[in-house]
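Report on the following structure.
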Ligand code: SF4
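Numbering (the working numbering), first residue to last: 19 to 755.
Shown next as structure tokens:
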């Protein structure tokens with residue numbers, strides 16, 4: 019019998035999604051991937067992939083992929099380029115030419131302006147440990163480049179959750195099937211956490227109710243038993259109002275509170291302010307609905323809360339997440355298997371980050387210290403000519419603590435040099451960063467040297483001096499945790515990269531060589547870095563907490579292995595010490611108190627909301643929504659994915675009352691604007707949103723009419739906790755164009 023010409027390789031989807039699917043890639047005898055499929059052996063993936071990645075080979079083998087290093091042609095101006103004609107502004111160069119030139123330019127910039135004038139810009143275009151942050155971090159630390167505060171997506175909520183529970187842990191995805199009530203709060207499970215959905219369906223078959231709290235009627239909200247269309251940014255008020263009802267009616271779990279929590283008395287005092295009537299005036303709900311929700315949540319067991327990150331992308335989103343996160347502690351929902359809640363499970367993966375990222379290399383840089391920190395959510399300000407937006411870690415109100423293992427708040431005697439070089443990878447700030455016009459003005463600066471590591475021409479490559487071809491997760495090796503489950507996974511390289519595409523690890527090790535960095539760690543192979551991430555001990559096993567049973571060889575064999583505590587079922591926050599300063603679940607935060615900040619959760623309306631002064635000029639609250647079939651801006655260039663979004667693409671969704679008040683009919687061209695920018699879109703009139711709220715979808719600016727996307731409207735204002743982006747605190751006006 020002849021051997022099969024096909025082989026199947028275990029990879030992991032590295033896109034920014036909680037599910038981190040185990041993906042089996044079938045490769046034919048010629049080395050070409052011919053099929054991708056979800057691994058049926060993985061208890062969360064369960065053999066299926068989402069619509070975005072099921073067609074992944076369209077992306078891997080897309081004819082538009084950038085396959086060779088490119089250099090901007092002399093005289094070609096930076097700025098938006100017509101789709102399909104971008105290559106006319108660039109010329110192919112060899113990797114050697116590109117790397118030599120980039121290293122040379124970085125050296126000169128570092129000498130002239132100081133290394134902190136070089137800024138990396140990356141996020142979760144890949145969430146594998148190596149791809150997200152390994153050799154790149156080593157490189158920038160050794161160089162003395164500015165550090166990037168990676169706040170754009172989840173920092174406010176993550177910091178807020180940790181203030182309450184110490185760690186980002188939560189109810190296992192698999193246990194949601196046991197719930198009798200699923201509360202999806204700002205969580206479009208069916209759209210972007212699709213592997214939780216079968217668990218929710220199973221729970222519903224067993225009699226569970228699904229309640230969705232979301233200003234927008236998402237797929238999940240449309241399928242729920244009860245959709246509460248709360249006004250944007252009023253979630254904290256609702257959570258505090260629910261607490262008030264729970265306490266008034268004696269529905270709290272005193273036993274859990276006494277044993278596991280800190281600050282109940284102070285919280286009980288605080289929530290007295292939040293009567294159902296006051297909360298109704300903010301949220302748009304009725305007092306009766308608030309009472310009903312609180313009762314149903316507190317008396318149904320098990321009650322599982324799925325909180326997602328949309329809630330925290332508002333000016334006071336940190337407080338919102340803190341307040342919501344406290345609900346399962348108030349009712350003791352953690353005690354019932356299938357109950358509790360989850361924002362993220364990422365805190366369970368205790369990779370040896372110091373070994374992977376080597377922050378100690380900063381002390382070998384010309385600075386001799388850790389570099390300043392620039393907040394990625396204020397990129398437009400940071401790229402302003404004078405560098406006026408360069409900020410220390412966090413805002414005055416933010417907590418500004420990032421887990422790099424070393425204190426990074428340091429005095430900077432050298433002043434605040436403007437950014438002169440921008441190295442972009444794993445991100446597309448030209449499309450996804452707030453205040454797009456400010457970002458584009460910055461990226462268009464003639465004196466800014468910009469390098470972009472990418473798969474396709476994007477809104478960011480239009481401003482690049484060099485574009486370097488990047489790999490997909492099929493083309494490199496990585497190790498990965500998840501923020502929606504508890505499995506460690508190895509992603510093995512399935513195919514050779516097409517053309518001259520190269521991984522992040524390769525790119526930064528090559529740049530390090532050309533910069534003359536002599537440390538041995540710049541020559542580490544991907545396998546060596548994976549072993550470091552796992553902190554493999556002398557007996558071959560990981561020494562990381564929760565990974566002690568894992569060897570590299572087993573991971574290679576199995577593909578995915580559950581964390582130790584998850585093998586026997588895991589119910590977090592039910593006993594023992596919690597990783598907060600008090601060792602308890604904190605209703606009252608000692609950390610905030612020590613900083614002179616309000617230690618209790620509170621509700622304040624955002625400046626850009628219907629309750630603020632600015633609403634007199636811009637009365638509509640705007641949601642720049644993510645498309646279900648894209649991953650932020652990823653996939654938005656692929657025709658198949660675009661077709662799936664055709665109905666909502668380039669539309670502004672409006673409630674009939676708002677449309678009528680403005681004389682707008684369905685299908686009319688409308689102008690939507692505020693002081694930061696304007697867009698021309700087509701009106702789509704429906705009741706997906708409450709009156710007073712409008713929505714448009716995130717798309718590539720270059721694929722949008724007028725050449726801008728929804729981030730032309732969003733601001734660089736930062737969240738109350740974590741100094742994150744406030745995409746959903748945006749006011750606009752809409753008129754017929
Ligand atoms: S995007 Fe999410 S659901 Fe889709 S394949 Fe990747 S991890 Fe799975």
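All C-beta atoms, glycine included, are put in the ideal place defined by N, C-alpha and C.
Assumed close pair residue i, residue j - CB separation to whole angstroms, cut-off 8 Å
i: residue 342; j: residue 276; result: Between residue 276 and residue 342 the Cβ distance is about 22 Å, and since that is not below 8 Å, they are no contact.
i: residue 692; j: residue 731; result: 6 Å
i: residue 134; j: residue 163; result: 7 Å
Extent of the continuous alpha helix (DSSP H) run through residue i
i: residue 53; result: First-last for residue 53: 51-56, but that is the beta strand (DSSP E), not the alpha helix (DSSP H).
i: residue 125; result: 113-131
i: residue 147; result: 147-150
Three-way DSSP call (helix, strand, coil) for residue i in this model
i: residue 74; result: helix
i: residue 741; result: coil
i: residue 722; result: coil
i: residue 249; result: coil
i: residue 770; result: Nothing in the structure corresponds to residue 770, since the chain is present only between 19 and 755.
i: residue 748; result: coil
i: residue 345; result: helix
i: residue 570; result: helix
i: residue 36; result: coil
i: residue 167; result: strand
i: residue 64; result: coil
i: residue 754; result: strand
i: residue 487; result: strand
i: residue 160; result: helix
i: residue 447; result: helix
i: residue 479; result: helix
i: residue 140; result: strand
i: residue 196; result: helix
i: residue 29; result: strand
Residue i versus residue j: straight-line alpha-carbon distance, rounded
i: residue 84; j: residue 488; result: 8 Å
i: residue 652; j: residue 446; result: 9 Å
i: residue 199; j: residue 526; result: 48 Å
i: residue 117; j: residue 32; result: 26 Å
i: residue 537; j: residue 156; result: 10 Å
i: residue 630; j: residue 368; result: 42 Å
i: residue 707; j: residue 675; result: 11 Å
i: residue 427; j: residue 387; result: Note that residue 427 has pLDDT 33, beneath the 50 cutoff, so the model's placement of it is unreliable and the number below is only indicative. Their Cα atoms are separated by approximately 10 Å.
i: residue 371; j: residue 680; result: 54 Å
i: residue 106; j: residue 327; result: 39 Å
i: residue 578; j: residue 288; result: 45 Å
i: residue 98; j: residue 721; result: 11 Å
i: residue 517; j: residue 658; result: 23 Å
i: residue 443; j: residue 227; result: 42 Å
i: residue 613; j: residue 607; result: 10 Å
i: residue 756; j: residue 436; result: Since the first and last residues shown for the chain are 19 and 755, residue 756 lies out of range.
i: residue 413; j: residue 395; result: In this predicted model, residue 413 has a pLDDT of only 32, less than 50, meaning its place in the structure is not dependable enough to derive any value.
i: residue 520; j: residue 512; result: 14 Å
i: residue 269; j: residue 317; result: 7 Å
i: residue 673; j: residue 243; result: 22 Å
The ligand SF4 heavy atom lying under 7 Å from the CB of residue i
i: residue 33; result: yes
i: residue 171; result: no
i: residue 53; result: no
i: residue 91; result: no
i: residue 37; result: yes
i: residue 71; result: yes
i: residue 533; result: no
i: residue 649; result: yes
i: residue 492; result: no
i: residue 67; result: yes
i: residue 212; result: yes
Interface flag, residue i vs chain C, CB-CB below 8 Å
i: residue 312; result: The chain inventory of the structure shown lacks chain C, comprising one protein chain alone.
Residue i: first and last residue of the uninterrupted beta strand (DSSP E) it sits in
i: residue 358; result: 358-360
i: residue 689; result: 687-691
i: residue 88; result: 88-90
i: residue 199; result: 199-203
i: residue 642; result: 638-643
i: residue 393; result: 391-393
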